[in-house]
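Written below as structure tokens is the structure these notes are about.
Residue numbers (this note's numbering), protein chains in the order written: chain A, 1 to 273; chain B, 1001 to 1117.
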């Protein structure tokens, strides 16, 4: 048994499989940064930090000629979302139910996926993470709800990337607001979303954890996500009615080339920055 | 290619099997070379020759590793077993038991990993 204590949960193998299937499905749909960033790991629950190759001066422990330097690291942050499953629904799985109530696991998986993306795209100072959209705010392209103009905005972002010496392939991540707006927009009957696809040689990614949008390079070695423990489901406790579980991961993110991304920001978001 | 090691008519095998045959045959040759180098390094009393043979043998190991990776990418069954056993810890026989454990007894990871590409 490991630290997740899954063996203590009153859950059959079939119910575990149902829980994991729903969690995987939601995570794979919702996670956006993992579709764009380099991935390292999983290094395991025991991994605590990623070395950055940098250090700072530190006070030496003894006087004399001793010099001291302190290594700078990116610590792993643990994210956890607890949720409850009704035991009657888990029992129903064993009887062959194909429609068990898995809303709690779907909600928890969506919440933790958005949290990971939020940290990667917009930063997470408490965990020492600089976000992809934060690296070069000076290059940001202002956007609005006029979705017919998005090909121009994206072309501007691509020019800024090339001006910075950044090669493709290029991709775009779109917030729910942008994605929905673009899905509905057409110019002379031609879908604007298709126009964007033709400008980019990489994927167009739905990113519910993102505000605005971001055009970025997929050439590699610019954005590195390091995972300690990949998303896992653990056990907390139970009573006669419910089982309390949680979904958890540990990770850090290293923004190695801030110039490899150009954020597309709404004016209200720019005002907050 | 080493057509003499084919056990069926070449025309019936198709390009995928023939490519795998090329990879497997080469892995066999690399492993045989490593074995020969091991013996010659041990037997030689000339330090400089030993150094050269050692260098050559280690290159064969690199070649072999690259081919194993190629084979893994082109053989789902190999891929599955290599994922189970490579870089595992503890007694190798127990790795199988752990890999086939019930969901409750698994390590709990949802194995999402990278979604890039």
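Glycine included, each C-beta is placed from N, C-alpha and C at the ideal position.
Remember, it's a predicted structure, so these values are computed and weren't measured experimentally.
Straight-line gap, residue i to residue j (C-alpha atoms, nearest Å)
i, j, result
"residue 161(A)", "residue 84(A)", "45 Å"
"residue 217(A)", "residue 113(A)", "22 Å"
"residue 204(A)", "residue 233(A)", "30 Å"
"residue 26(A)", "residue 212(A)", "22 Å"
"residue 135(A)", "residue 38(A)", "17 Å"
"residue 182(A)", "residue 192(A)", "6 Å"
"residue 130(A)", "residue 267(A)", "21 Å"
"residue 247(A)", "residue 235(A)", "9 Å"
"residue 150(A)", "residue 100(A)", "41 Å"
"residue 60(A)", "residue 66(A)", "6 Å"
"residue 58(A)", "residue 121(A)", "32 Å"
"residue 132(A)", "residue 1014(B)", "47 Å"
"residue 214(A)", "residue 174(A)", "7 Å"
"residue 252(A)", "residue 207(A)", "19 Å"
"residue 158(A)", "residue 119(A)", "24 Å"
"residue 125(A)", "residue 137(A)", "16 Å"
"residue 75(A)", "residue 50(A)", "6 Å"
"residue 1108(B)", "residue 239(A)", "22 Å"
"residue 1082(B)", "residue 95(A)", "36 Å"
"residue 154(A)", "residue 196(A)", "7 Å"
"residue 254(A)", "residue 111(A)", "22 Å"
"residue 242(A)", "residue 228(A)", "29 Å"
"residue 184(A)", "residue 28(A)", "24 Å"
"residue 106(A)", "residue 23(A)", "6 Å"
"residue 152(A)", "residue 176(A)", "20 Å"
"residue 1115(B)", "residue 31(A)", "8 Å"
"residue 256(A)", "residue 189(A)", "41 Å"
"residue 164(A)", "residue 224(A)", "20 Å"
"residue 48(A)", "residue 1113(B)", "18 Å"
"residue 245(A)", "residue 237(A)", "7 Å"
Assigned exposure category for residue i - 16 Cβ within 10 Å defines buried
i, result
"residue 1080(B)", "exposed"
"residue 21(A)", "exposed"
"residue 3(A)", "exposed"
"residue 1001(B)", "In this prediction, residue 1001(B) scores a pLDDT of 48, lower than 50, which makes its location untrustworthy; the coordinate-derived value is nonetheless stated afterwards. With fewer than 16 Cβ atoms within 10 Å of its Cβ, residue 1001(B) is classed as exposed."
"residue 1017(B)", "exposed"
"residue 104(A)", "buried"
"residue 1086(B)", "exposed"
"residue 1092(B)", "exposed"
"residue 142(A)", "exposed"
"residue 285(A)", "Nothing can be reported for residue 285(A): it is not among the residues displayed for chain A, which extend from 1 to 273."
"residue 249(A)", "buried"
"residue 33(A)", "buried"
"residue 78(A)", "exposed"
"residue 1009(B)", "exposed"
"residue 230(A)", "buried"
"residue 1005(B)", "exposed"
"residue 187(A)", "exposed"
Own chain residues within Cβ distance below 7 Å of residue i, not counting five before or after
i, result
"residue 72(A)", "52, 54, 55 and 56"
"residue 167(A)", "217 and 219"
"residue 1031(B)", "1064"
"residue 273(A)", "At residue 273(A) the pLDDT is 40, less than 50, meaning the model places this residue with poor confidence; the figure from the coordinates comes in the next sentence. Around residue 273(A): 137."
"residue 62(A)", "none"
"residue 11(A)", "90 and 243"
Chain-order list of residues whose beta-carbon lies under 8 Å from that of residue i (same chain, five-residue window excluded)
i, result
"residue 1027(B)", "1064, 1067, 1068 and 1071"
"residue 1041(B)", "1050, 1053, 1054 and 1057"
"residue 69(A)", "55, 56, 57 and 58"
"residue 93(A)", "12, 14, 15, 18 and 100"
"residue 169(A)", "200, 201, 202, 217, 218 and 219"
Close Cβ partners of residue i (< 6 Å) along its chain, the five nearest in sequence each way excluded
i, result
"residue 7(A)", "1"
"residue 1033(B)", "1060"
"residue 1023(B)", "1067, 1070 and 1071"
"residue 209(A)", "114, 117 and 118"
"residue 43(A)", "228"
"residue 127(A)", "77"
Residue(s) in a DSSP beta bridge with residue i
i, result
"residue 234(A)", "246(A)"
"residue 215(A)", "172(A) and 262(A)"
"residue 193(A)", "Beta-bridge pairing links residue 193(A) to no other residue."
"residue 142(A)", "265(A)"
"residue 51(A)", "73(A)"
"residue 129(A)", "124(A)"
"residue 253(A)", "225(A)"
C-beta neighbour in chain D for residue i, strict 9 Å
i, result
"residue 154(A)", "Considering every chain present, this structure includes no chain D. Its protein chains are A and B."
Handout entry: Where the region 231-245 of chain A meets chain B: residues whose CB sits under 8 Å from a CB there
Key = Hits within the stretch, in order: 231, 232, 233 and 234.
Practice task
Pull out every residue of the region 17-34 of chain A whose Cβ sits closer than 8 Å to any Cβ of chain B, in chain order.
Solution key: 17, 20, 23, 24, 27, 28, 31 and 34
Problem - Contact residues within the region 1105-1116 of chain B, judged by C-beta distance below 7 Å to chain A - result: 1105, 1107, 1108, 1109, 1110, 1111, 1112, 1113, 1114, 1115 and 1116
Practice task
Could you name the residues of the region 76-98 of chain A whose beta carbon sits closer than 9 Å to any beta carbon of chain B, in the order they occur along the chain?
Solution key: Hits within the stretch: zero.
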